[in-house]
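There are 4 protein chains.
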Amino acid sequence: MSHPIPHLINGRRTDGGTRTQPVYNPATGAVSGQVQLADALTVDAAIASAQAAFPAWRNTPPLKRARVMSQFKVLLEQHAEAICALITAEHGKVLADSLGELQRGIENVEYASYVTELLKGEHSRNVGPGIDSWSEHQALGVTAGITPFNFPAMVPLWMWPMAVACGNTFVLKPSERDPSSALYIAELALQAGLPPGVLNVVNGDKEAVDVLLTDPRVKAVSFVGSTPIAEYIYATGCQHGKRVQALGGAKNHAVVMPDADIGNAVSALMGAAYGSCGERCMAIPLVVAVGDTTADAVIAGLSAEIAKMKVGPGTEASCDMGPLVTQAHFEKVRGYVDQGVNEGATLVVDGRSLKVPGHEAGYFLGPCLFDHVKPGMRIYQEEIFGPVLGVVRVQTLQEAMDLIDAHEYGNGTCIFTRDGEAARFFTDHIQVGMVGVNVPLPVPVAYHSFGGWKRSLFGDLHAYGPDAVRFYTKRKTITQRWPSAGVREGAVFSFPSSR
Amino acid sequence: MSHPIPHLINGRRTDGGTRTQPVYNPATGAVSGQVQLADALTVDAAIASAQAAFPAWRNTPPLKRARVMSQFKVLLEQHAEAICALITAEHGKVLADSLGELQRGIENVEYASYVTELLKGEHSRNVGPGIDSWSEHQALGVTAGITPFNFPAMVPLWMWPMAVACGNTFVLKPSERDPSSALYIAELALQAGLPPGVLNVVNGDKEAVDVLLTDPRVKAVSFVGSTPIAEYIYATGCQHGKRVQALGGAKNHAVVMPDADIGNAVSALMGAAYGSCGERCMAIPLVVAVGDTTADAVIAGLSAEIAKMKVGPGTEASCDMGPLVTQAHFEKVRGYVDQGVNEGATLVVDGRSLKVPGHEAGYFLGPCLFDHVKPGMRIYQEEIFGPVLGVVRVQTLQEAMDLIDAHEYGNGTCIFTRDGEAARFFTDHIQVGMVGVNVPLPVPVAYHSFGGWKRSLFGDLHAYGPDAVRFYTKRKTITQRWPSAGVREGAVFSFPSSR
Amino acid sequence: MSHPIPHLINGRRTDGGTRTQPVYNPATGAVSGQVQLADALTVDAAIASAQAAFPAWRNTPPLKRARVMSQFKVLLEQHAEAICALITAEHGKVLADSLGELQRGIENVEYASYVTELLKGEHSRNVGPGIDSWSEHQALGVTAGITPFNFPAMVPLWMWPMAVACGNTFVLKPSERDPSSALYIAELALQAGLPPGVLNVVNGDKEAVDVLLTDPRVKAVSFVGSTPIAEYIYATGCQHGKRVQALGGAKNHAVVMPDADIGNAVSALMGAAYGSCGERCMAIPLVVAVGDTTADAVIAGLSAEIAKMKVGPGTEASCDMGPLVTQAHFEKVRGYVDQGVNEGATLVVDGRSLKVPGHEAGYFLGPCLFDHVKPGMRIYQEEIFGPVLGVVRVQTLQEAMDLIDAHEYGNGTCIFTRDGEAARFFTDHIQVGMVGVNVPLPVPVAYHSFGGWKRSLFGDLHAYGPDAVRFYTKRKTITQRWPSAGVREGAVFSFPSSR
Amino acid sequence: MSHPIPHLINGRRTDGGTRTQPVYNPATGAVSGQVQLADALTVDAAIASAQAAFPAWRNTPPLKRARVMSQFKVLLEQHAEAICALITAEHGKVLADSLGELQRGIENVEYASYVTELLKGEHSRNVGPGIDSWSEHQALGVTAGITPFNFPAMVPLWMWPMAVACGNTFVLKPSERDPSSALYIAELALQAGLPPGVLNVVNGDKEAVDVLLTDPRVKAVSFVGSTPIAEYIYATGCQHGKRVQALGGAKNHAVVMPDADIGNAVSALMGAAYGSCGERCMAIPLVVAVGDTTADAVIAGLSAEIAKMKVGPGTEASCDMGPLVTQAHFEKVRGYVDQGVNEGATLVVDGRSLKVPGHEAGYFLGPCLFDHVKPGMRIYQEEIFGPVLGVVRVQTLQEAMDLIDAHEYGNGTCIFTRDGEAARFFTDHIQVGMVGVNVPLPVPVAYHSFGGWKRSLFGDLHAYGPDAVRFYTKRKTITQRWPSAGVREGAVFSFPSSR
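Protein chains in written order, with full-length UniProt numbering: chain A, 1 to 499; chain B, 1 to 499; chain C, 1 to 499; chain D, 1 to 499.
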């Protein structure tokens, strides 16, 4: 039996649109809900609600807006269990991963609560004789976010808390594959004191997206998803005069140097490659081992660790990895493994035959490990978004860096080394936006900003952190002088004080 | 019956010292407690506790320290009623004032919880070829605060939350006249997760202060109080090599221009002059009226408002103003009123004969209003710290500004006008640190900093806000280059990966 | 006789393209030069030159890049006369205006020379235990600028000095109507030490622009011009994945309040309306007078001032206003005046019949002043870019603000008043990016940023100032930890020091 | 024949005081000048001049002040040869060192010229409903600097350019041992457009210093010198209510790890130990070698390099090191070498018998190298300020760090290693303000700030860079609201516009 999943408009759960789409539990294959797919009218209502809420919210002092965020944070902590259950039920990831995701989201809420500090403009006395000038960061109006399935709770929290803390109102379109946690969270925000209409949630697909991209009331769009869609979002939103930041795909390489602490690196790579089933834009699907000795040690270490992994439903605490998100995605990922074998890579660990007893209809794929992956292969070039790790062998760091720089994506990367010089050279020159040194998933903390380079991000400002403040506000610069000193010089003593 | 008020050392209420001093309820004159006065040994124990707690706390990631502050803020809100009761019982101010004070304190805790953002250093790649440089703001070690009776809850919260959020440990010596709220609050901080020893409270007098000023383990001292003591604190602490910020007295002037909204100004001045019985370093004890028409209107307005005021115990919700803090202070303030009459000022409203039925032993003085106060008089020159407002008459804004600039204090001031030019000229040129335009008590919000000029503050960094981060940290600047590229260039391929 | 105006590629004047276009002296109508119009091959060569120069320039320490800017500034000051002569010869504005323009440009060079300070990233120690994180603002690669005829020297200096100071290389396409000053200035930059290829200039039209918008080597495009082109630039550049900032047209309103210093306002409006013949995106073509008394006084004042104006060749020091830029533009502007009359506005001063003796072939139009301009009229709605000022009459400030907010453009605006509240309400709420209070042309100083709202700017980051640093750099965030303490703990004492 | 060296007061060379003191050429022992020692009257005149110049200078827009600095920088570059000749003639350092010193000073002038950017305050709209608040960094008034002999040109340039760029006026008291370059430089500043009285130079000794420390017109004092004097300056200045930053002595340790690039380290240490004859507060007089193998290699490397050094007059381009500054200092340093031998350290290289032919009366001491220096020894504990380098042998990095942290000084330190973890642990935990990683003299660049910890600096704000802006300004915080909307709401339509 599946329940309907509606929209949240002007503070209420609202039905809208005539189409629906099933939401599955990926651990069982069962349909758990029917998400409504917003039509243009529904999205229009959400935008109208946001537009109507804007003037009052924009005039609410930042400190009051910040306090709603503080209170919201408290509620998120109190309801963490319920939220994580929703994430795991619809996305499949293990509960520990859901909690990790939520925790990251909470940190973004926390950062949004610093907005009094973050909104400070720059003030200059005497830019000329008797002339002062200052800047303000004012709210844009209605803003929108379109978010992916892989972090159904966190990515929305990258966006709307800062947007609304800055005085904007917001329309969120979460992924239609796992929409429930975002909706639940939005209702907590209302409970925390966010006025109705400040945050609206519309479920939907391209039809809804296209309204958000073209409606002139929407001033800014944030997107996280795959690169082809990111490009479409960026081109279409910009064509309609909006500011857009669109984060796309990734193929993050981890370089392991000969002097690395291999045990450490292997342990770090396990989580980075197979955590959340590899469905992360900051996952590590490729290891570039410098030297064959290094490669052999890495392969050996990974194989041993993989042997210990337990795959099963995300709700079981003993499981390390859950199912993939949908049947279609499962088949796509398994197809990549087949493809890798065909292309000549060595499949060291083959997870294709995995069966999870009692969950035969779940979308489970065991961890896969390839050796001898090469740049020409599709498993090297394309984003797989599954539990498939490939090892590429090179002879020098320069060779490794050339590979990374030649790849179309530039989201994250990391280097494992003990050597200060190697790390410094790598971090300075690599054409990637987020770089780790012995940190496999260099996701910036909430008080820094998230963003890749090359075809991993379209736009100029990164997600969350300081850049988000700039993205969700427009600069106003005031220049002020006052005319001759009538009142000051006493010419108006007779001025009626009763005025 | 009076209870003992001990110290808080290493997370526990601790007795210390052989001397005690009574704490009074100023609304009744009754003794409510006996505060222990710390001897050198007791202060030494507090410093030792702080010193011992420092290394672990300093190494705790800033985000974790920030979370203790967030949790502490929640507890302060939950226990607001109990805290305000303690403030009013020992200080006498009406409960609404106590709540206002606490609220301001909570905002400082809130700001301290942004410490991850506030501690960011500056990073420069390539200050020279291959050389990077960055700065960090590291904790000092043991820091100390010495706070006054007039804001027993708020002023400590100006200091220690930011100090500990920055990674320092702290010894607080609150006023011995109303120490209970600070102690209560400190215990809430422990409950919020502050490790024992990170915050210690010692009650005491000059004996305790002198240990804090001379012990080499104490790296920084913050003080708020009167100017003579501030000077002593600054000179003594600096002589012992510490960094010191010492905030002293005030005599804040409000200028009323002929074009001001007089009704508005009068209403604002009532609170600024008589709120908390005038026992505020940001109170307005002097109005400078520009033009006699203005002066007459201000006097008339104030007189009418004063007639409506109700003075009585702070616990009664209908009261606008409570008693003075102690019998001695009551006598000092009343003496100033006598003095003003003798000096020739016109006592328009005389509050000296006030009786509060049922509270005959309380330290109640009715609001007093002088006209024709002149610069030579002691009631013009000295800080009275009571419900005594004086009006000075001048003919031009320049005359008003000359008066203000000639006064030894420069804490706060304000101007009432509608005229942009007058306000701009005033704010630019006046020799005062905190300036209001139609704002009678221009106390900066928690995300700006608090501090006067001239003899109202000794030191260079102001209290709370951004300056507090700089005060409670020391700058470390690192310059880094790495030697030739052994590992990177592959010279060490044979390096054992098992290392 | 007219000379050829080529390109500047890889440090040398270079011919390119087969098409040319005449450049006129607008004061005489004579052809002064033939500007070459770059074909795709020529633009490709410029981009290739910039691409080749990038790696070395990017690795040059910021302080060295800053010093080139300092030296360049000195050269600009030394060659000011020659530059201004070129501006006036091709654009027509009076020499004093040319000098003013150049001076503003120099201030942008000055700001670019602060780049060591401006490039500082944020450093956080202990984002987790033993983990540090910091951000860097790294150069993008090849960047491009497309600039308008009206500030042929200044607008290029808004762009490329900061772009190259940040480590980028640049291709500039100045206006083909007055290209010589930008070319001259670029050569001064070479002389100041800018390596060949770091700055390239291509002259041309849409053919050249389209290459810049679509070539994948160009990472960012800055544009200033009219709104339709700005929209095209933004849509096309973004469609090709670039970051784009595109500044468009304007129709700036000046509000005159009844309490304004009218003499002051009139004097300010004269320059704002007729300076540079109104060919400025920050010009004031509309006055909104609040109250008929105000309107009458403004009209009277302006009429009297206009009567004193002298129009003639920009090279004559006694002239206040020169010719329009081209014959076509002259006709367009004169057409608007005809149109205004037809639409029913009152033409108070008619400059259409102006003759400048000895310069009969010049593109001179006398100052025009309309009263009773109304929102429905084309002269209200459209950007005229000529010496045509219209007065709109309203009854309240709210009415004035509603007009401004309803207009498609939101570049600049100003209010003339003495009243603090009116100014504050206006600056807070008006939907315009640059706001003046008694300042008619609120162009931000070089250390703030320039940008309008609504259809006056497409993108999120403004031009020059702090926003330009963010626009011309991409954020890189590094997260770093180091593995177990082998070397520190002495395990490697036997490590060969000869390594 | 020696010339008189007077003061510079109110823009003119001025005689003052009855006492004089000879200035020597340390390479020859000859007297080159007679510096006048200011009496109280002379210092008073300088302060009065600064006080008189303050109001106009403070009101000069920051951009104009910045331009004086830019122009001054150009003049410094043009007159570099003359300035370096003066430095070398009176201090003795080789010309290359003089040029290096001047270059660093010029970078501080450069940074001061960014003052428009650096003075920006923080602006917050809506701190409450309709209330705005912002901060300004206003000038202090008269400020003073007292500078040491070892960098006679650079240290004054750390101070006064930023002080005056911030709008202050200044009284400089350079070292009486080598005063001429500071005086020469001050005159260049006048030539660059600094108004008379904004910068004054008084030569003198304690008599002059004491006036600067006690005169109430002097608001801030910066000092660089030895620790006992720094303590005196800090205590005395603070006792008189001033803000003071007093930088004292140093004993900087360089740690050499077993994995360091020894050749690199040795080469770096040569300059750090013997450059400018060791008369630098950032010199390295102590090497802490981790492991005896390391120590042996360092000793061997240094001995070999020392053998190649040439000592002689600073004016000879072939010389690596010049004389000590005075005969007295020469004897003091030589005494330390004797002392080291007596204390049991091994004198590996003995420079005591050095003779420079033709300069027998010069104060030349050859480079000295000790091995087996131990913490108890005076040559370990005290600042020698001469060409004497000692090697301490330890077995672990922890041992090295414990030594450094136990030392009374904490100015600079560095570590030579290739290992990221060792460097990170060292930079995080070491109790020293300026830390180098493979950088022997980690003097921060001009856009960072300079300052040690422990007894190397008294005060809270460091020298030059961002901290200097805060030190040389006082924060003013304005809070502004405007009364009811009379003008805006049209109530004053009849208001006379002629007002």
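Just so it is clear, CB atoms sit at the ideal spot from N, CA and C, and this is done for glycine as well.
These numbers were taken from a predicted model, which means no experiment stands behind them.
Measure from the C-beta of residue i to each C-beta in chain C and report whether the shortest distance is under 9 Å.
i: A:Pro466; result: yes
i: A:His407; result: no
i: A:Glu97; result: One detail in the question is off: residue 97 of chain A reads as Asp in this sequence, not Glu. Closer than 9 Å: no.
i: B:His123; result: yes
Considering only C-alpha positions, which residue in the set the options is nearest to residue i?
i: residue 550 of chain A; options: A:Tyr363, A:Thr346, A:Glu399, A:His359; result: One cannot answer for residue 550 of chain A here, as it falls past the ends of chain A, which runs 1 to 499.
i: B:Leu324; options: B:Ala317, B:Glu279, B:Ser70, B:Ile229; result: B:Glu279
i: A:Gly248; options: A:Phe364, A:Leu457, A:Ser276, A:Ser175; result: A:Leu457
i: B:Val256; options: B:Ala283, B:Ile299, B:Cys281; result: B:Ile299
i: C:Met162; options: C:Asn25, C:Pro62, C:Ile131, C:Asp259; result: C:Pro62
i: D:Ala304; options: D:Met270, D:Pro313, D:Glu331, D:Ser226; result: D:Met270
i: C:Val435; options: A:Ile284, A:Val266, A:Ala80, A:Gln480; result: A:Gln480
i: A:Ala165; options: A:Pro216, A:Tyr111, A:Ala208; result: A:Tyr111
i: D:Thr143; options: D:Thr473, D:Ser181, D:Tyr336; result: D:Thr473
Using beta carbons (cut-off 9 Å, strictly below), is residue i in contact with chain A?
i: D:Thr169; result: no
Just how far apart, CA to CA, sit residue i and residue j?
i: A:Phe151; j: A:Pro179; result: 10 Å
i: C:Gly16; j: C:Trp158; result: 26 Å
i: C:Ala446; j: C:Asp467; result: 11 Å
i: D:Leu397; j: D:Ile430; result: 11 Å
Does any residue of chain B bring its CB to less than 9 Å from the CB of residue i?
i: D:Phe450; result: yes
Shorter than 9 Å from the beta carbon of residue i to some beta carbon of chain D?
i: A:Ser70; result: no
Where does residue i sit, in a helix, a strand or coil, going by DSSP?
i: A:Met377; result: coil
i: D:Tyr363; result: coil
i: A:Thr315; result: coil
request  = Evaluate contact between the stretch 235-242 of chain B and the stretch 54-63 of chain B, counting only Cβ atoms and requiring at least three cross-stretch pairs below 8 Å.
outcome  = No contact exists between the stretch 235-242 of chain B and the stretch 54-63 of chain B.
key: Meets three-Cβ-pair contact criterion under 8 Å: the stretch 295-307 of chain B and the stretch 384-393 of chain B   = yes
Contact between the stretch 445-452 of chain B and the stretch 308-323 of chain B (3+ Cβ pairs under 8 Å) = no
inquiry  = For the stretch 68-77 of chain B against the stretch 119-134 of chain B, do three or more pairs of beta-carbon atoms, one drawn from each stretch, fall closer than 8 Å, so that the two count as touching?
reply    = No: the two stretches stay apart, fewer than three of their Cβ pairs being nearer than 8 Å.
request  = Evaluate contact between the stretch 306-316 of chain A and the stretch 87-96 of chain A, counting only Cβ atoms and requiring at least three cross-stretch pairs below 8 Å.
outcome  = yes
inquiry  = Any contact between the stretch 183-196 of chain A and the stretch 115-125 of chain A? By contact I mean 3 or more CB pairs, one from each, below 8 Å.
reply    = no
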